[in-house]
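Presented below is the structure to which this report refers.
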Amino acid sequence: MGVLGNFLPLVIIIALMYFMLIRPASKQRKKTSEMQSALGRGNKIVTIGGLHATIDSIDDKTAVVVLEDGTKMRFERAAIGRVVDESEPAN
C-alpha cells in the first residue's frame, strides 16, 4: 500500500469532519448573517435571550427594540436570534 495507504484514513477523517462539522456551521453563520443584514424597522424578532420585541430603530451594530409594554431596549445586532414569521401562532 505504501504511503497512500498510511495517509488514506487521515484524509477520510478530515473529509468527514469537514462535511459533518465545518460545512454546516458555515452555512448556519451565512444564514444568520443574511437574516441580520435584512432586519429593519417594524420587524418582530426574538433575541437570543428569548425576548419577543419589535425593532424600533437599527444601525450597523445595535438595534433598539420595543417590548409589548412599550419598554425600549438596546441590543447588539448579533443578539437578535430570529425574525418572527407573521403567520406563526402567538404563544
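Residue numbers 10 to 100, in my numbering, belong to the letters of the sequence shown in order. Yeah, the Cβ is synthetic: ideal placement off N, Cα and C, and Gly gets one too.
C-alpha gap between residue i and residue j, whole angstroms
i	j	result
MET29	ARG38	15 angstroms
GLY49	LEU25	39 angstroms
THR41	ARG86	11 angstroms
Same chain only: Cβ atoms within 8 angstroms of residue i, ignoring 5 sequence neighbours per side
i	result
HIS61	LYS53, ILE54, VAL55, LEU76, GLU77 and VAL93
Continuous beta strand (DSSP E) stretch holding residue i: start and end
i	result
ALA62	61–67
Proximity to residue i [Cα-Cα], best of the options
i	options	result
GLY102	ARG91, ASP65 and ARG86	Outside the displayed span of the chain (10 to 100) sits residue 102, for which this structure offers no information.
LYS70	SER46, LEU19, GLY79 and PRO18	SER46
Delimiting residues of the alpha helix (DSSP H) encompassing residue i
i	result
GLY14	11–26
Own chain partners of residue i with C-beta closer than 6 angstroms, once the 5 adjacent residues on each side are dropped
i	result
GLY79	none
Proximity of residue i and residue j at Cβ, strictly below 8 angstroms
i	j	result
GLY51	ILE67	no
Beta-carbon proximity list for residue i, same chain, < 7 angstroms, skipping 5 on both sides
i	result
ILE188	For the chain, the structure presents residues 10 to 100; residue 188 sits outside this window and is missing.
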